[in-house]
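> Below you will find the structure I want to go over with you.
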């Protein structure tokens with residue numbers, strides 16, 4: 003379900019209509035010619051490191067090529083489940099701890115786990131924590147984390163206790179371009195490196211954990227029975243003409259016709275599939291799962307449109323002249339062909355473009371899989 | 002007094018050393034513990050010169066700093082940036098400016114001097130337990146205020162009228178000496194941003210093992226050193242012991258900031274301060290090392306920037322000076338850096354040579370006043386400066402009485 007959100011505050015565009023027009027026309031070519039010479043699916047180089055802080059369960063730092071940088075820390079704490087005896091447990095017949103293990107139990111875990119167990123906070127310098135931008139960004143990230151439901155099941159300890167997962171993301175630099183992909187990749191890395199102390203109590207006992215940090219298990223295990231799924235990533239995709247462009251720079255965002263935030267994750271291999279053909283090569287690439295797709299209000303809406311010479315210089319310059327002249331100019335502009343001069347896009351996303359974006363992101367040779375593979379190499 | 006004796010471990014063939022019981026002024030239990038041979042762990046600690054019992058929780062002696070690791074120019078997008086670790090306390094600092102104040106309206110960036118703004122962000126994951134920073138936390142506010150005030154006195158704020166320097170500090174991990182780490186990180190980032198300053202503002206903490214007791218009238222023979230002040234406290238030590246944070250300007254004994262948040266006997270202040278100031282000197286050496294370690298090209302660019310800032314400001318001041326005396330034409334003013342430790346000022350042929358002396362050095366001042374008086378009556382100089390041999394900038398300022 004697309005949700006509109008404003009991106010304008012940090013992405014002020016200081017380009018003239020002529021420059022915008024030039025950028026736009028070169029990006030609509032097939033193949034698109036980007037200002038920095040990348041291909042349309044190519045990412046800018048980034049610096050990433052994981053597990054950098056000893057105080058956090060998992061942490062990561064990612065530095066993008068444009069100088070924006072974020073640090074994410076994951077804290078996992080035991081918390082008492084508030085309404086442990088909610089209606090759901092009426093249906094449960096609890097007599098031993100076995101039921102959580104496999105099969106039947108996982109469905110119950112899903113029933114009992116709650117969205118509030120995952121909390122995400124984004125801090126952006128110069129913004130209050132209750133400003134729209136940090137709240138909205140945290141919302142997108144939390145939504146992606148909770149979408150599959152697998153994470154919150156993993157936070158389940160027993161019916162009285164659960165892990166509470168706090169993801170705190172600090173943007174260390176000013177938000178030069180829309181920081182969503184940066185924050186998402188940092189969160190992904192931090193969650194990949196997150197560890198949880200080994201549980202040594204069983205079932206409904208008060209939870210007791212191993213003191214040995216070396217025995218701690220990964221929140222997203224890479225091997226073993228539950229291996230497979232990876233934390234979600236959110237990518238920013240821009241459409242210009244018939245082109246889809248990944249990892250847009252600030253200039254490219256300035257002429258984007260639509261901006262889409264796509265959240266993806268790699269689902270875990272189902273036991274059935276694992277016993278089948280997947281078993282031969284567990285490292286084989288899989289299709290990604292689409293978690294959400296949001297359109298984001300592009301900053302190009304805020305640009306001013308160019309005035310073609312055919313309309314006459316005085317009409318353009320004298321915008322505040324007589325009412326008749328300026329309204330005439332507006333009417334005349336409405337009828338113009340888009341290609342002639344720059345005019346801010348009117349929004350909207352064609353259906354075939356949505357299909358194209360999803361295919362590019364989720365296919366096993368697609369961009370999403372490439373990003374996930376690259377980040378897995380960091381840890 | 003100390004009788005050292007080698008002995009052979011019954012479990013292995015290695016020799017180990019311990020301090021023998023003839024060390025008369027240590028009590029028996031302590032001697033016992035120090036002479037225990039921990040065969041299972043590793044090579045026994047060489048305690049021949051220092052008893053184990055006098056080591057702190059993390060194995061440091063009373064006057065040892067933790068490992069300090071720092072880097073400058075860590076963020077490409079900021080004007081100046083630094084990353085600093087003091088033990089497990091990890092801080093990132095980014096500096097924007099000096100630039101024209103962002104906020105319009107009456108407040109901010111409108112003054113005659115540089116407006117320093119400090120913002121501190123405690124990451125939720127920085128402590129042992131996850132804690133969200135509350136808006137308007139008084140302790141954080143006080144820290145920010147302390148840093149602002151001490152930087153205001155150390156940076157040459159008068160060189161940047163109507164501009165703002167925003168310093169944003171992020172705490173990634175806390176393990177004691179937080180304010181000290183923040184001050185050091187802010188200093189590094191300011192140097193990286195090319196803001197002229199009198200000298201490095203460096204800080205560290207000092208604590209005291211005996212809280213309420215007054216210091217002994219004289220050092221007794223049986224003083225085993227357990228009442229010593231200690232340097233650079235960790236979070237655990239900060240919880241247990243009274244401590245103070247002291248910041249000094251450079252390696253001199255000039256205290257720029259002193260923050261005491263706990264109670265202790267007034268008589269203890271002297272020795273704690275002495276230990277703290279001594280620690281600051283060592284932090285200063287480490288900061289110097291960081292500067293030398295910074296990529297050479299970048300460092301030289303910074304130095305050039307610094308020089309330009311100083312000389313430009315000097316030229317502007319001088320021009321104002323001349324115009325305000327009713328001169329009809331501005332004499333050509335050219336400022337050049339002759340050698341690194343010297344700034345030479347060519348003013349219509351008259352040469353003012355600035356000798357590298359500490360800020361406000363009398364010799365320097367007298368020389369400049371003498372030369373300027375020849376052209377302009379009544380000129381006086383408030384302070385002088387140059388690039389020190391270690392790359393530090395000092396003030397240059399002129400005016401009339």
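Protein chains in written order, with the numbering used here: chain B, 3 to 381; chain L, 2 to 402. For every residue, glycine included, the Cβ atom is placed at its ideal position computed from N, Cα and C.
#1: Kindly say whether residue 241 of chain B, judged by its beta-carbon, lies nearer than 8 Å to any beta-carbon of chain L.
#2: Leaving out five residues on either side along the sequence, give the residues of the same chain with a beta carbon under 8 Å from the beta carbon of residue 379 of chain B.
#3: Is the stretch 292–303 of chain B touching the stretch 259–272 of chain B, taking contact as three or more C-beta pairs under 8 Å?
#4: Beta-carbon of residue 126 of chain L versus every beta-carbon of chain B: anything under 8 Å?
#5: So, is residue 142 of chain L buried or exposed, given that buried needs 16 or more other C-beta atoms within 10 angstroms?
#6: Give the residues of chain L in contact with residue 73 of chain B, contact being defined as C-beta atoms less than 7 Å apart.
#7: Could you give the DSSP three-state label for residue 266 of chain L: helix, strand or coil?
#8: What residue does the beta strand (DSSP E) around residue 210 of chain L start on, and which one ends it?
#9: Quick one: using the 10 Å Cβ neighbour count with 16 as the cut-off for buried, is residue 68 of chain L buried or exposed?
#10: To be precise: take each residue of the stretch 112–124 of chain L, compare its Cβ to all Cβ atoms of chain B, and keep it if any distance is under 9 Å. Which residues remain?
#11: Would you report the Cα separation of residue 353 of chain B and residue 360 of chain B, rounded to the nearest angstrom?
#12: If you draw a straight line from the alpha carbon of residue 344 of chain B to that of residue 27 of chain B, how long is it in whole angstroms?
#13: So, do the stretch 193–208 of chain L and the stretch 142–160 of chain L have three or more beta carbon pairs nearer to each other than 8 Å?
#14: Let me make sure I understand the geometry here. Which of B/76, B/160, B/82 has the alpha-carbon closest to that of residue 121 of chain B?
#15: Look at the alpha carbon of residue 137 of chain L and the alpha carbon of residue 145 of chain L, and state the distance between them as a whole number of angstroms.
#16: If we ignore side chains and look at the alpha-carbon of each, how far apart do residue 266 of chain B and residue 288 of chain L end up?
#17: For residue 162 of chain L, which residues from the same chain have a beta carbon less than 8 Å from its beta carbon, with the 5 sequence-adjacent residues on both sides left out?
#18: If we count the other Cβ atoms within 10 Å of its Cβ and call it buried at 16 or more, is residue 125 of chain B buried or exposed?
#19: Should residue 282 of chain L be flagged as near chain B, meaning a C-beta pair shorter than 8 Å?
#20: Could you tell me if residue 293 of chain L is buried or exposed, where buried requires 16 or more neighbouring beta carbons within 10 angstroms of its beta carbon?
#21: Consult DSSP for residue 253 of chain B and reduce its assignment to one of helix, strand or coil.
#22: Mind the definition here: the stretch 117–130 of chain L touches the stretch 74–83 of chain L only if three or more C-beta pairs lie below 8 Å; say whether that holds.
#23: What number of angstroms, rounded off, separates the C-alpha of residue 192 of chain B from the C-alpha of residue 61 of chain B?
#24: Measuring straight from C-alpha to C-alpha, what distance separates residue 231 of chain L and residue 210 of chain L?
#25: Can you find the residues in the same chain that come closer than 6 Å, C-beta to C-beta, to residue 1 of chain B, ignoring five residues on each side of it along the sequence?
#26: CB residue 308 of chain B to CB residue 19 of chain B, shorter than 8 Å?
#27: Which class does residue 81 of chain L belong to by DSSP, given the choice of helix, strand or coil?
#28: What does residue 171 of chain L pair with, by DSSP beta-bridge criteria?
#29: Determine which residues of the stretch 53–78 of chain L have a Cβ less than 9 Å from any Cβ of chain B, and write them out in chain order.
#30: Alpha carbon to alpha carbon, what distance is there between residue 171 of chain B and residue 217 of chain B?
#31: So, are the CB atoms of residue 185 of chain L and residue 85 of chain L less than 8 Å apart?
#32: Quick one: list the residues of chain L neighbouring residue 170 of chain B, beta-carbon separation under 7 Å, in chain order.
#33: Under a three-way DSSP split, which group does residue 166 of chain B fall into?
#34: Since residue 91 of chain L meets chain B, which of its residues come closer than 8 Å, beta carbon to beta carbon?
#35: Under 8 Å, with one C-beta from each stretch per pair, do the stretch 167–184 of chain L and the stretch 117–127 of chain L reach the 3-pair mark?
#36: Between residue 79 of chain B and chain L, is there a C-beta pair that is closer than 8 Å?
This is what the structure gives:
#1: no
#2: none
#3: yes
#4: yes
#5: exposed
#6: 173
#7: coil
#8: Unbroken run through residue 210 of chain L: none, as it is neither H nor E.
#9: exposed
#10: 120, 122, 124
#11: 11 Å
#12: 9 Å
#13: yes
#14: B/76
#15: 11 Å
#16: 45 Å
#17: 112, 113, 114, 115
#18: buried
#19: no
#20: exposed
#21: helix
#22: no
#23: 4 Å
#24: 7 Å
#25: Past the boundaries of the shown model lies residue 1 of chain B; chain B is included only from 3 to 381, so the question cannot be answered.
#26: yes
#27: strand
#28: L/93, L/122
#29: 75, 76, 77, 78
#30: 27 Å
#31: yes
#32: 124, 125, 126
#33: strand
#34: 55
#35: yes
#36: yes
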